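To start, the structure under review is shown below, and the notes come after it.
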Amino acid sequence: MPDSDDDPFDDPFDLLDLDRASDAIVEVLSAGPLRDDALLAALRAHPAYEEVADVDDDELAEVVEDLVPPGIWRTASAIWFDAARTLDGRTFTHRVTPTELAEGALEALPDLTLVDWSCTRRELPGGGVLASSYTPGDVLSGGRFDGPSGWLGEFAAGNVVAIRIVGDAASVESLDPSALPDVNSTEVLELARAFRECFDRASGSLGEDLTTAALDVLIDVPDAFLSPTLPLSELATAAGLVSRGLQWGPGDRRWLTTAQAMIRQSAEDLVSEDPPHFARRFLRLVDVFVDLIGEPETPLDPTVRAATRRDLTDPFTAESMADLQRQRLFIDDSLARFVDVLGGVGEDEASPFIRHLLGVDALLSGRYDEAESHLLAAVQDADGLRAALCELGVLASHRGNAVEAQRRFHEAGGPAQWIAALDLLVPRSNATGRNDPCVCGSGRKFKQCCLVAPKSPIERRGPWYSLRLINHVSDRSTAAIDTTYRIVAEDAELHGVQLDINAVAMLTALAIDGPADYLSCHADSISDVDRVGFEAWRDAPVRAYSTERTKLGWTLDDGAGTVLEVADDGRLVVDAATGRTAAQVVPLGDASFVAWSAPLSAVTEDELSELLRDEDARTSLREWAYWYGSTLAR
Numbered sequence: 363m364p365d366s367d368d369d370p371f372d373d374p375f376d377l378l379d380l381d382r383a384s385d386a387i388v389e390v391l392s393a394g395p396l397r398d399d400a401l402l403a404a405l406r407a408h409p410a411y412e413e414v415a416d417v418d419d420d421e422l423a424e425v426v427e428d429l430v431p432p433g434i435w436r437t438a439s440a441i442w443f444d445a446a447r448t449l450d451g452r453t454f455t456h457r458v459t460p461t462e463l464a465e466g467a468l469e470a471l472p473d474l475t476l477v478d479w480s481c482t483r484r485e486l487p488g489g490g491v492l493a494s495s496y497t498p499g500d501v502l503s504g505g506r507f508d509g510p511s512g513w514l515g516e517f518a519a520g521n522v523v524a525i526r527i528v529g530d531a532a533s534v535e536s537l538d539p540s541a542l543p544d545v546n547s548t549e550v551l552e553l554a555r556a557f558r559e560c561f562d563r564a565s566g567s568l569g570e571d572l573t574t575a576a577l578d579v580l581i582d583v584p585d586a587f588l589s590p591t592l593p594l595s596e597l598a599t600a601a602g603l604v605s606r607g608l609q610w611g612p613g614d615r616r617w618l619t620t621a622q623a624m625i626r627q628s629a630e631d632l633v634s635e636d637p638p639h640f641a642r643r644f645l646r647l648v649d650v651f652v653d654l655i656g657e658p659e660t661p662l663d664p665t666v667r668a669a670t671r672r673d674l675t676d677p678f679t680a681e682s683m684a685d686l687q688r689q690r691l692f693i694d695d696s697l698a699r700f701v702d703v704l705g706g707v708g709e710d711e712a713s714p715f716i717r718h719l720l721g722v723d724a725l726l727s728g729r730y731d732e733a734e735s736h737l738l739a740a741v742q743d744a745d746g747l748r749a750a751l752c753e754l755g756v757l758a759s760h761r762g763n764a765v766e767a768q769r770r771f772h773e774a775g776g777p778a779q780w781i782a783a784l785d786l787l788v789p790r791s792n793a794t795g796r797n798d799p800c801v802c803g804s805g806r807k808f809k810q811c812c813l814v815a816p817k818s819p820i821e822r823r824g825p826w827y828s829l830r831l832i833n834h835v836s837d838r839s840t841a842a843i844d845t846t847y848r849i850v851a852e853d854a855e856l857h858g859v860q861l862d863i864n865a866v867a868m869l870t871a872l873a874i875d876g877p878a879d880y881l882s883c884h885a886d887s888i889s890d891v892d893r894v895g896f897e898a899w900r901d902a903p904v905r906a907y908s909t910e911r912t913k914l915g916w917t918l919d920d921g922a923g924t925v926l927e928v929a930d931d932g933r934l935v936v937d938a939a940t941g942r943t944a945a946q947v948v949p950l951g952d953a954s955f956v957a958w959s960a961p962l963s964a965v966t967e968d969e970l971s972e973l974l975r976d977e978d979a980r981t982s983l984r985e986w987a988y989w990y991g992s993t994l995a996r
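Read in order, the letters of the sequence shown are residues 363 to 996 in this note's numbering.
Quick look at the structure:
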């Protein structure tokens, strides 16, 4: 059959000149804003879209969204406009703070959020540039504006700076605060009303920054910001919005910040497979905690306080709350404030469980003496609270005290993997007399040798080290996790990716240098014997494997023809051909994607940042982690 120009399998979009098609969007919007249907009609009539003029609107709209160049914005009411052109001539104000004067830079958010929206470096009339700086992934600040030396010299704290956008340039001037319109003036009230409508159209139950509403209001109120008016933060307050950090929401209804929503979602995931009557009690407790993060100054109703303390007396609820803590989603001192609002530790039935939570918080932060104090008190008050005993076992492990760790885990009755690892390492004192010769062969008495500082070959210490490293990744000091999480969160927000907590944990594992990182964090607490063991493990060969689930465990392929079997118990890599142990593996994160032999290679923040900005690695966080893990083998 002869070829046909009308082959149904030909994709007309393959004929598009993408650069020309992208430029055409700017061209048709140069005359002014257009709604969705009007933009599509204008593009169909443009020569750059001649080959796709007959495709349906939905297909064309999808392609246009992919081709939109920087500087083009679509409002929540479906209006497209050239924001870079529309911002020309707008003036944005900000009240200067003492900190900004001391640092010689202005905070970008929220008041000056549109100044660098389409241009990050603007020429100033007197020479020099106004440049915005922003640390990728830093969700705690919105960047700042730097100018030439002494550019804020004429300002005093409380003065108003007005930045006027002129094309790709800007002018900076000082305004007397009295020059701004009154918050109750008709001008401000009308603009605030329009601003609130724009904000409500774009936001849902989660908080937003002010950028979207500020851009949208340029269309709803064409003369907005053409003359100096109140700073955006004050305009938002006049519109009935309240802030929690950099996010804003309606003051007249309930809303959550992204951080609050993630805590709630993580809590729901944590108990998704548990009995509903247990889960309900825990989620009720999390609701109170999440609300207090948003309204820290609001007193807690006495009835709610009493009910919350009752909920904490349930071991399942308290242990689930501790598990939630380990996901590192809590903000600053939010747990301490939560305890204060509940009336402190107290001396009721909830007291040991509250002490347990405070102990976990201190343990996660590396405050070991404080953690031990809280956990011992919890054990004493609750007659051997199992969860607190387990944490004492983890604490003893971090300090390198295998005998104490073994004792605590046996008192708690688990977890089984910790008991098995420690029983392999340390002879039980009831099986070896204190004055008997030590089983390690040193010739010294047991009480003078392994009872105090157990020694054994690396193969015997391996399972204990594995558990400590896995625990270390989940309980990592905030530096590594914050580094990873900030990068992931910022990139996810940029590209509309739904965050996956497990994937964040996998990426965090990549940012940690295995035993070397563990040694660095615990250098002041572990024994000399323990240090020697970790150093030997740290210096072992590094191998990485892709994984596939089997009936017996995991099949690992190192990409060089070596196929290994990993048993579920013990995590020992066994050569499938000979059956001998080949290496010790610590499968951090989700083992169905990638497993790493200890130690892991170090990954710097810059390397991780570059990885997450790879154009081919943005569709899912799991793919990013898998992609990077596979490069370790190469």
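Cβ atoms here follow ideal geometry from the backbone N, Cα and C, with glycine treated the same way.
The structure presented is a predicted model; accordingly, all values stated were derived computationally and were not measured.
>> Suppose the cutoff is 8 Å on Cβ atoms and the five residues either side in sequence are ignored; what does the same chain contact list for R397 look like?
In response: Residue 397 sits at position 35 when you count from the first residue of the sequence shown. Take R397, set aside five residues on each side of it, and the residues of its chain with a beta-carbon closer than 8 Å to its own are A440, I441, W442, in chain order.
> Any heavy atom of the ligand NAD closer than 8 Å to the Cβ of R382?
Replying inline: The ligand NAD is not among the ligands present in this structure, which contains no ligands whatsoever.
> Excluding five sequence neighbours on each side, which residues of the same chain lie with their C-beta closer than 6 Å to the C-beta of F651?
Replying inline: Position 289 of the sequence shown, counted from the start, is the residue given in the question as residue 651. Setting aside the 5 residues that flank it on each side, F651 is surrounded in the same chain by F700, each with a C-beta closer than 6 Å to its C-beta; the list follows chain order.
>> Mapping the DSSP letters down to three states, classify G997 as helix, strand or coil.
In response: Since the first and last residues shown for the chain are 363 and 996, residue 997 lies out of range.
> Between the C-alpha atoms of G569 and V604, what's the straight-line distance to the nearest angstrom?
Replying inline: Walking along the sequence shown from the start, residue 569 turns up at place 207. Walking along the sequence shown from the start, residue 604 turns up at place 242. Between G569 and V604, the C-alpha separation is close to 10 Å.
> Quick one: Cα of G520 to Cα of A740, how far?
Replying inline: Taking the first residue of the sequence shown as position 1, residue 520 is located at position 158. Taking the first residue of the sequence shown as position 1, residue 740 is located at position 378. Their Cα atoms are separated by approximately 50 Å.
>> Determine whether the beta carbon atoms of A600 and A554 lie at a separation below 9 Å.
In response: Position 238 of the sequence shown holds residue 600. Position 192 of the sequence shown holds residue 554. Yes, Cβ-Cβ distance for A600 and A554 is below 9 Å.
> Could you give the C-beta distance for F517 and V458, rounded to a whole number, given that I count them as a contact under 8 Å?
Replying inline: For the purposes of this step, residue 517 is taken as residue 155 along the sequence shown, with counting starting at 1. For the purposes of this step, residue 458 is taken as residue 96 along the sequence shown, with counting starting at 1. Their Cβ separation, rounded to whole angstroms, is 5 Å, which keeps F517 and V458 in contact under 8 Å.
> Does the beta-carbon distance from T475 to D571 come in below 9 Å?
Replying inline: Position 113 of the sequence shown, counted from the start, is the residue given in the question as residue 475. Position 209 of the sequence shown, counted from the start, is the residue given in the question as residue 571. For T475 and D571, yes; Cβs fall inside 9 Å.
> Going by alpha carbons, who is nearest to L471 out of R615, I655, G607?
Replying inline: Numbered from its first residue, the sequence shown carries residue 471 at position 109. Checked all of R615, I655, G607; the closest Cα to L471 is G607.
> Which residues bound the beta strand (DSSP E) around V523?
Replying inline: Here residue 523 is taken as the residue at index 161 of the sequence shown, counted from 1. That run of the beta strand (DSSP E) goes 522–528.
> Could you give the distance in angstroms between the alpha-carbon of R642 and the alpha-carbon of E389?
Replying inline: For the purposes of this step, residue 642 is taken as residue 280 along the sequence shown, with counting starting at 1. For the purposes of this step, residue 389 is taken as residue 27 along the sequence shown, with counting starting at 1. About 56 Å.
> Where does P825 sit, in a helix, a strand or coil, going by DSSP?
Replying inline: Here residue 825 refers to the residue found at position 463 when the sequence shown is read from its first residue. In the structure shown, P825 sits in a helix (DSSP, three-state: H, G or I).
> Are the CB atoms of E485 and V491 nearer to each other than 9 Å?
Replying inline: One-based indexing of the sequence shown puts residue 485 at position 123. One-based indexing of the sequence shown puts residue 491 at position 129. It is a contact, given that the beta carbons lie within the stated cut-off.
>> Between which two residues does the beta strand (DSSP E) holding G611 run?
In response: As a working mapping, residue 611 is identified with position 249 in the sequence shown. 609–612 is the span of the beta strand (DSSP E), which, as asked, contains G611.
> Are there 16 or more other CB atoms within 10 angstroms of the CB of G611, so buried, or fewer, so exposed?
Replying inline: Taking the sequence shown and counting its residues from 1, the one referred to as residue 611 is at position 249. Answer is buried; the Cβ neighbour count reaches 16.
>> My parser needs the alpha helix (DSSP H) runs of 4 or more residues fully inside the segment 739–790; what are they?
In response: 748–760, 764–774, 778–787
> Is the Cβ-Cβ distance between L829 and A783 less than 9 Å?
Replying inline: Here residue 829 corresponds to residue number 467 of the sequence shown, with the count starting at 1. Here residue 783 corresponds to residue number 421 of the sequence shown, with the count starting at 1. Yes, these two residues count as a Cβ contact at 9 Å.
> Mapping DSSP to helix, strand and coil, what is H456?
Replying inline: Position 94 of the sequence shown, counted from the start, is the residue given in the question as residue 456. H456: strand per DSSP, three-state reduction.
> How do the segment 611–621 and the segment 555–569 stand: do at least 3 beta-carbon pairs fall below 8 Å, yes or no?
Replying inline: Cβ pair count under 8 Å is three or more, so yes.
> Do you know how far the Cα of A586 is from the Cα of V703?
Replying inline: Here residue 703 refers to the residue found at position 341 of the sequence shown. Here residue 586 refers to the residue found at position 224 of the sequence shown. Roughly 43 Å separates the two Cα atoms.
> Comparing the C-beta of T574 with each C-beta of chain D, is any distance below 9 Å?
Replying inline: The chain labelled as chain D is not found in the depicted structure, where only one protein chain is given.
> The beta strand (DSSP E) with V703 in it runs from where to where?
Replying inline: As a first step, residue 703 is located in the sequence shown; it is residue number 341 there, counting from the start. Per DSSP, V703 belongs to no beta strand (DSSP E); it is in the alpha helix (DSSP H), 696–703.
>> Can you find the residues in the same chain that come closer than 6 Å, C-beta to C-beta, to V648, ignoring five residues on each side of it along the sequence?
In response: Along the sequence shown, read from residue 1 onward, the residue named residue 648 stands at position 286. Excluding positions up to five away in sequence, the list reads A629.
> What's the call for V545, buried or exposed, on a 16-neighbour Cβ count within 10 Å?
Replying inline: Stepping through the sequence shown from its first residue, residue 545 is reached at position 183. When all chains shown are included, V545 counts as exposed.
> Out of curiosity, what's the CA-to-CA distance linking L310 and F771?
Replying inline: Residue 310 cannot be examined here, being either before or after the span of the chain that is shown, 363 to 996.
> In angstroms, rounded to a whole number, what distance separates the CA positions of L405 and I387?
Replying inline: Here residue 405 is taken as the residue at index 43 of the sequence shown, counted from 1. Here residue 387 is taken as the residue at index 25 of the sequence shown, counted from 1. L405 and I387 have their C-alpha atoms spaced approximately 7 Å apart.
> In whole angstroms, what separates the C-alpha of D473 from that of L377?
Replying inline: As a first step, residue 473 is located in the sequence shown; it is residue number 111 there, counting from the start. As a first step, residue 377 is located in the sequence shown; it is residue number 15 there, counting from the start. Roughly 44 Å separates the two Cα atoms.
> With DSSP run on the structure shown, which of helix, strand or coil describes L449?
Replying inline: Start at 1 with the first residue of the sequence shown, and residue 449 comes out as number 87. The answer is coil: DSSP assigns L449 none of H, G, I, E or B.
>> According to DSSP, is G951 part of a helix, a strand, or is it coil?
In response: Start at 1 with the first residue of the sequence shown, and residue 951 comes out as number 589. Note that G951 has pLDDT 31, beneath the 50 cutoff, so the model's placement of it is unreliable and no number is given.
> So, is G762 buried or exposed, given that buried needs 16 or more other C-beta atoms within 10 angstroms?
Replying inline: In the sequence shown, counting from the first residue as 1, residue 762 sits at position 400. With 16 or more Cβ atoms within 10 Å of its Cβ, G762 is classed as buried.
>> Going by DSSP, what residue range makes up the beta strand (DSSP E) through V491?
In response: To locate residue 491, count along the sequence shown from 1; it is residue 129. Taken as a continuous stretch (DSSP letters only), the beta strand (DSSP E) holding V491 covers 491–495.
> Among D695, R646, V666, which has the Cα closest to the Cα of A680?
Replying inline: The residue given as residue 680 occupies position 318 in the sequence shown. Ranking the options by Cα distance to A680, first place goes to R646.
>> So, at 7 Å on beta carbons, what are the nonlocal neighbours of V579 in its own chain, with the 5 sequence-adjacent residues on each side left out?
In response: As a working note, residue 579 is residue 217 in the sequence shown. Same-chain partners within the cutoff: A556, F557, C560, A586.
>> I need the boundaries of the beta strand (DSSP E) containing E469, first residue and last residue.
In response: As a first step, residue 469 is located in the sequence shown; it is residue number 107 there, counting from the start. It spans 467–469 - the beta strand (DSSP E) in which E469 sits, taken as one unbroken run.
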